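**Q** Structure in structure tokens, see below.
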Amino acid sequence: MGLLGDVFKRNKALSSSFTGLEFTYEDSGDTKIGMLAMETCINFIARTISQSDFRITQNNKRIRNDWDYLLNVSPNTDQSASEFWHQFVYKLIYDNEVLVIKTDNDELLIADDFDRKEYAVFPDVFSDVVVKDYTFTRTFRMDEVIYLKHSEVKLIDAVRGISNEYDSLFSRMIEIQRMNNQIRGTVDIDATMQQSDPETMAKFQVFIDKLFTSFKEKLIALVPKVKGFNYTEIHDGSNNGKSVDELAKLKKDLTEDIANILGIPNSLVHGDMSDYETAIKAYIKFCIAPLIKKISDVLNARIIDKADYMKNMRVEVRGVAEMNSLEVATAIDKLKASGTYTSNQLRIKLGDEPVDNPALDEYVLTKNYEKATSSKGGEGEGDE
616 MGLLGDVFKR
626 NKALSSSFTG
636 LEFTYEDSGD
646 TKIGMLAMET
656 CINFIARTIS
666 QSDFRITQNN
676 KRIRNDWDYL
686 LNVSPNTDQS
696 ASEFWHQFVY
706 KLIYDNEVLV
716 IKTDNDELLI
726 ADDFDRKEYA
736 VFPDVFSDVV
746 VKDYTFTRTF
756 RMDEVIYLKH
766 SEVKLIDAVR
776 GISNEYDSLF
786 SRMIEIQRMN
796 NQIRGTVDID
806 ATMQQSDPET
816 MAKFQVFIDK
826 LFTSFKEKLI
836 ALVPKVKGFN
846 YTEIHDGSNN
856 GKSVDELAKL
866 KKDLTEDIAN
876 ILGIPNSLVH
886 GDMSDYETAI
896 KAYIKFCIAP
906 LIKKISDVLN
916 ARIIDKADYM
926 KNMRVEVRGV
936 AEMNSLEVAT
946 AIDKLKASGT
956 YTSNQLRIKL
966 GDEPVDNPAL
976 DEYVLTKNYE
986 KATSSKGGEG
996 EGDE
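Each residue of the sequence shown is one higher than the one before, starting from 616 at the first, in the numbering used here.
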């Protein structure tokens, strides 16, 4: 009991008076703001990638086949494509790796756990692959699965140290805040009650517990007056602890640290709309585009064989990193009018398929684009 115990030892009468009574308190417990910050950032990226359109193309023309259906509609009977890719990206970043297997029923399943045996000159082998509660008895070679690794260092390992420090600090700040706003009171007991029998003191302890619960759970609490018992609440009036704003700032700082590791601009992860255009461009370029490149590379390696690849067949991930045609309409007009690109080339850059129209494969140069040496249209030319 600490200090109170020492006081009671020095005063035997006081100690005997309170025998059997307990002082109620609460511990704030541990907080996990590190996990909350990671969830915020990882889900931000996963939601972005889940909007992608996975296309099987040849010579920039889309091919509709079984893979197109699996990647964009229903990878398996339990998930839609958006749910599948959200889970795929989440596990890729959080676990630093993700394994997708193709079953005999032509379904794509994301493994919850697996063992990987690496070889120098042969394909790596995956065994004990677990999906939900089922463990596959067969093994899978690397060339039979879709396997992707995010980085050399796991995100959880990179942030664990700083996250633990933030968690400890946040817990302590909550304790201080709750202590500063704690309901405090004194209880006066007359001499007659102090000399009561153990049964009476036990009933009195129950009354104190009910009194505390009433203050804790009720907006308005009425305290009955009991003979020999007087409760007085103490109002300090000062609050020197951390404010709620400072607690929120601590969470924000940790979220920004993790966002910086993943390449997410801080303004985006906090929903700040100031300078949105610059932030979204940086997000696409430094966070989403590299991730899309990794995903498209592994899909091309597993879905497209070498012979088809040489015939210009590709797996393309579209819908996120492309420019909005309405927002860049002026730039598109300039690129076409200057003869830099054809209309079909511009359509491909915008994420659309080329159109079978010979006119859209022609280079166009408007009249105001002429050689610098041209003498046509000079002012005063031909005047006499």
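C-beta: ideal position from N, C-alpha, C; glycine also.
Here the structure is a predicted model, which is why all the values come from computation and not from measurement.
Whole angstroms are fine: how far does the CA of ARG756 sit from the CA of TYR734?
**A** Position 119 of the sequence shown, counted from the first residue, corresponds to residue 734. Position 141 of the sequence shown, counted from the first residue, corresponds to residue 756. Going from the Cα of TYR734 to the Cα of ARG756 covers about 11 angstroms.
**Q** Helix or strand or just coil, what does DSSP make of LYS825?
**A** Counting from one through the sequence shown, the residue named residue 825 turns up at place 210. In the structure shown, LYS825 sits in a helix (DSSP, three-state: H, G or I).
**Q** Check GLU999 in the structure and name its three-state DSSP category.
**A** Taking the first residue of the sequence shown as position 1, residue 999 is located at position 384. Note that GLU999 scores a pLDDT of 43, beneath 50, so its modelled location is shaky; the value from the coordinates is reported in the next line. If DSSP states are grouped into helix, strand and coil, GLU999 belongs with coil.
**Q** For the beta strand (DSSP E) containing LYS764, name the first residue and the last one.
**A** Here the question's residue 764 lines up with position 149 in the sequence shown. Here the beta strand (DSSP E) through LYS764 covers 761 to 764.
**Q** Count the CB pairs spanning the stretch 701 to 718 and the stretch 756 to 773 that are closer than 8 angstroms, and state whether there are at least three.
**A** Yes: the two stretches touch, three or more of their Cβ pairs being nearer than 8 angstroms.
**Q** Below 7 angstroms, is the gap between the Cβ of ASN675 and the nearest heavy atom of the ligand MG?
**A** Only the bare structure without any ligand can be found here, which leaves the ligand MG out of the picture.
**Q** Return yes when the Cβ of ILE725 is within less than 8 angstroms of the Cβ of PHE703, no when it is not.
**A** For the purposes of this step, residue 703 is taken as residue 88 along the sequence shown, with counting starting at 1. For the purposes of this step, residue 725 is taken as residue 110 along the sequence shown, with counting starting at 1. Yes, the Cβ-Cβ distance between PHE703 and ILE725 is below 8 angstroms.
**Q** In terms of DSSP beta bridges, what is MET928 paired with?
**A** Counted from its first residue, the sequence shown places residue 928 at position 313. In the DSSP assignment, MET928 forms a beta bridge with GLN673.
**Q** Quick one: using the 10 Å Cβ neighbour count with 16 as the cut-off for buried, is VAL932 buried or exposed?
**A** As a position in the sequence shown, residue 932 is number 317, starting the count at 1. Counting Cβ neighbours within 10 Å, VAL932 comes out buried, since at least 16 surround it.
**Q** If you compare alpha carbons, which of SER697, GLY954 and LEU723 is closest to ALA661?
**A** Residue mapping note: residue 661 aligns to position 46 of the sequence shown, counting from 1. Ranking SER697, GLY954 and LEU723 by Cα distance to ALA661 puts SER697 first.
**Q** Could you have a look at ARG962 and say whether DSSP puts it in helix, strand or coil?
**A** Taking the first residue of the sequence shown as 1, we reach residue 962 at position 347. Residue state, collapsed to three classes: helix.
**Q** Under the three-state reduction of DSSP, which class applies to ASN983: helix, strand or coil?
**A** Against the sequence shown, residue 983 aligns to sequence position 368. Correct three-state label for ASN983: coil.
**Q** Count the other CB atoms within 10 Å of the CB of LEU980; is the residue buried (16 or more) or exposed (fewer)?
**A** Counting from one through the sequence shown, the residue named residue 980 turns up at place 365. Its Cβ having fewer than 16 others within 10 Å, LEU980 is exposed.
**Q** Can you list the alpha helix (DSSP H) stretches of 4 or more residues lying completely in the stretch 674 to 754, in chain order?
**A** 681 to 687 and 696 to 709
**Q** For VAL913, report the span of its alpha helix (DSSP H) as first-last.
**A** Working through the sequence shown from its first residue, we reach residue 913 at position 298. Segment 904 to 918, the alpha helix (DSSP H) holding VAL913.
**Q** Can you list, in chain order, the residues of its chain with a C-beta nearer than 6 angstroms to that of ASN687? Leave out the 5 residues immediately preceding and following it.
**A** On the sequence shown, position 72 is the one that residue 687 refers to. Here the set comprises PHE669 and ALA696.
**Q** How about THR752 and PHE741: are their beta carbons less than 8 angstroms apart?
**A** For this step, residue 752 is matched to residue 137 along the sequence shown. For this step, residue 741 is matched to residue 126 along the sequence shown. No, Cβ-Cβ distance for THR752 and PHE741 is not below 8 angstroms.
**Q** Nearest-angstrom Cα distance between THR750 and VAL760?
**A** For the purposes of this step, residue 750 is taken as the residue at position 135 of the sequence shown. For the purposes of this step, residue 760 is taken as the residue at position 145 of the sequence shown. Using only the alpha carbons, I get a separation of about 16 angstroms.
**Q** Just to confirm the assignment, what range does the alpha helix (DSSP H) spanning GLY649 have?
**A** By one-based count along the sequence shown, residue 649 stands at place 34. Segment 648 to 664, the alpha helix (DSSP H) holding GLY649.
**Q** What does a CB cutoff of less than 6 angstroms around LEU883 pick up in its chain, not counting 5 residues either side in sequence?
**A** By one-based count along the sequence shown, residue 883 stands at place 268. Correct list, in chain order: ALA894 and TYR898.
**Q** Give me the residue from VAL970, VAL744, ALA874 and ASP948 with the minimum Cα distance to ARG677.
**A** Here residue 677 is taken as the residue at index 62 of the sequence shown, counted from 1. Out of VAL970, VAL744, ALA874 and ASP948, VAL970 has the C-alpha closest to the C-alpha of ARG677.
**Q** Below 8 angstroms, how does it come out for the stretch 861 to 881 and the stretch 646 to 657: are there three or more Cβ pairs, yes or no?
**A** With the cut-off at 8 angstroms, the stretch 861 to 881 and the stretch 646 to 657 touch.
**Q** Which residue's Cα is closest to the Cα of SER665: CYS656, TRP700, GLN694 and ILE823?
**A** Numbered from its first residue, the sequence shown carries residue 665 at position 50. The shortest C-alpha separation from SER665 is found at TRP700.
**Q** Excluding five sequence neighbours on each side, which residues of the same chain lie with their C-beta closer than 7 angstroms to the C-beta of ARG917?
**A** Against the sequence shown, residue 917 aligns to sequence position 302. Around ARG917: ILE761.
**Q** Taking the alpha helix (DSSP H) that VAL884 falls in, what are its first and last residues?
**A** Stepping through the sequence shown from its first residue, residue 884 is reached at position 269. Element bounds for VAL884: 881 to 884.
**Q** Roughly how many angstroms lie between the CA atoms of ASN675 and ALA904, to the nearest whole one?
**A** Counting from 1 along the sequence shown, the entry for residue 675 is found at position 60. Counting from 1 along the sequence shown, the entry for residue 904 is found at position 289. Near 20 angstroms, if we compare the C-alpha coordinates of ALA904 and ASN675.
**Q** Can you tell me whether LEU941 is buried or exposed? The criterion is at least 16 other CB atoms within 10 Å of its CB, across all chains shown.
**A** Residue mapping note: residue 941 aligns to position 326 of the sequence shown, counting from 1. With fewer than 16 other Cβ atoms within 10 Å, it is exposed.
**Q** From ASP923 to LYS717, what distance separates their C-alpha atoms?
**A** As a working mapping, residue 923 is identified with position 308 in the sequence shown. As a working mapping, residue 717 is identified with position 102 in the sequence shown. If I take the Cα positions, the gap works out to 21 angstroms.
**Q** Quick one: Cα of TYR891 to Cα of CYS902, how far?
**A** One-based indexing of the sequence shown puts residue 891 at position 276. One-based indexing of the sequence shown puts residue 902 at position 287. If I take the Cα positions, the gap works out to 16 angstroms.
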